[in-house]
Amino acid sequence: MPVFPQITMYPLVRQLNLRTVVNTLPDGSTVVYTDPDASARAWEWQAKGLTAAEWTSIEAFFRSASGQWQTFTFVDPAGNLLAESENFSAGAWANGALIQLTSGISDPFGTTRATHIVNAGRAAQAVQQTLPVPENFRYALSVWARGGAGSNLTLIAGAATLPCPLTTQWRRVWFPVNLGQGSVGVTFGLQLNPGGAVDIFGMQVDAQTAPSDYKMTGATGGVYLKARFATDAITVQAQSTDVYDATIRIMSTEG
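According to the working numbering, the sequence shown holds residues -18 to 236 in order.
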């Protein structure tokens, strides 16, 4: 599956369209419900100051997709790529067999949405999620975490790791990721040493070099496998010999 190139410039506008169905009954009462299959997301990217090489790359990708016809993978540059960012027992997560989870723990935002994690095994165990994203994009993996004196966790992204010492206070630890390889599929998560115990909240993967404000996700994250161009033409303006401006629109009806 082709992947749209990583977006590294802004502004970017995101739009979510939802459909509500209203049934009016003979007695005048109404029944209102959301149509879950009619939602659509759209992104509009004001690409300004592109070099000739950058514009040529985008144009070639647009031609290979035949405009709106072919689908491709789109990694939302303003979203949390992980699904179920607070529900670490959900099916989106692949946890070690001896990882124990306790939900309902107080979190850094004053609610009780954090999770206590214990590694009850004799070897390192992980809480992780594999995303169908390119290894050669830049990412930022982050999570809120705290633990007892001397506790720590290790952030993992593919083959890369980052040990993070913790304190009894909530702290957002993060890991800039640049694997620099060409295959698709990256596993993100954290690892605990044998007997390790920590509280965590709000894991996030951003498709950029540093974490953005936390964004809670549910059953789906910010990776769209059936995105497509929203138009059959892209208007480009050549501002000078090696400077191009273009407006690029992408849409997806997934999730």
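All residues carry an ideal CB built from backbone N, CA and C; glycine is no exception.
Query raised in the report: Do Ala33 and Asp223 have their CB atoms nearer than 8 Å?
Result: yes
Query raised in the report: Can you tell me whether Leu62 is buried or exposed, with buried defined as 16 or more other CB within 10 angstroms of its CB?
Result: buried
Query raised in the report: So, is Leu(-3) buried or exposed, given that buried needs 16 or more other C-beta atoms within 10 angstroms?
Result: exposed
Query - Bridge-paired residues (DSSP) for Ala188 - result: Ala188 is not bridged to any residue.
Requested in this report: Tell me, to the nearest whole angstrom, how far the beta carbon of Phe210 is from that of Ala46; I am working on the premise that it is less than 8 Å.
Outcome: 6 Å
Query - Range covered by the alpha helix (DSSP H) that runs through Ile98 - result: From DSSP, Ile98 is part of no alpha helix (DSSP H) but of the beta strand (DSSP E) over Ala95 to Asn100.
Query raised in the report: Mind checking whether Asn133 and Leu160 have CB atoms under 8 Å apart?
Result: no
Report task. Go ahead and label Thr96 buried or exposed: buried means 16 or more other beta carbons lie within 10 angstroms of its beta carbon, across all protein chains shown. Result -> buried
Query raised in the report: For Thr(-11), which three-state DSSP category applies?
Result: coil
Report task. Check the DSSP bridge columns for Ile229 and list the partner residues they point to. Result -> Trp26
Query raised in the report: Relative to the alpha-carbon of Val(-16), which residue among Ala64, Leu112 and Asn4 has its alpha-carbon at the smallest distance?
Result: Leu112
Query raised in the report: Can you tell which of Asp213, Thr190 and Ala200 has its C-alpha closest to the C-alpha of Arg119?
Result: Thr190
Query - Inter-residue Cα distance where the pair is Asn76 and Gly170 - result: 9 Å
Report task. With 8 Å as the threshold, decide whether the Cβ of Val154 is near any Cβ in chain B. Result -> Absent from the structure: chain B. Only one protein chain is present.
Query raised in the report: Which term fits Ala219, buried or exposed, when burial requires 16 or more other beta carbons within 10 angstroms of its beta carbon?
Result: exposed
**Report entry** Distance between Ala214 and Met(-10) (C-alpha atoms, nearest Å)
**Finding:** 21 Å
Report task. Would you mind reading off the limits of the beta strand (DSSP E) that contains Ser238? Result -> No statement about residue 238 is possible, as the shown extent of the chain runs from -18 to 236 and does not include it.
Query - Ordered list of alpha helix (DSSP H) runs contained in the segment 0 to 69, each at least 4 residues - result: 33 to 45
Requested in this report: In angstroms with no decimal places, state the Cα-to-Cα distance between Thr93 and Asp180.
Outcome: 11 Å
Report task. Please work out which residues of its chain come closer than 7 Å, Cβ to Cβ, to Trp36, disregarding the five sequence neighbours upstream and downstream, and give them in chain order. Result -> Val217, Tyr225 and Ala227
Query raised in the report: Between the C-alpha atoms of Trp74 and Ala121, what's the straight-line distance to the nearest angstrom?
Result: 18 Å
Query raised in the report: Since Met232 contacts Ala21 with CB under 8 Å, what's their CB separation in whole angstroms?
Result: 6 Å
Query raised in the report: With burial defined as no fewer than 16 other Cβ atoms inside 10 Å of the residue's Cβ, what is the status of Phe90: buried or exposed?
Result: exposed
Requested in this report: May I have a chain-ordered list of the beta strand (DSSP E) segments no shorter than 3 residues that lie completely inside the segment 133 to 159?
Outcome: 133 to 138, 141 to 146 and 152 to 159
Query raised in the report: Once you ignore the five residues that flank Trp151 on each side, which residues in its own chain have a CB closer than 7 Å to its CB?
Result: Pro89, Trp125 and Arg127
Query raised in the report: Just how far apart, CA to CA, sit Gly72 and Val108?
Result: 12 Å
Requested in this report: Can you grab the Cα-Cα spacing for the pair Gly166 / Pro157, in whole Å?
Outcome: 17 Å
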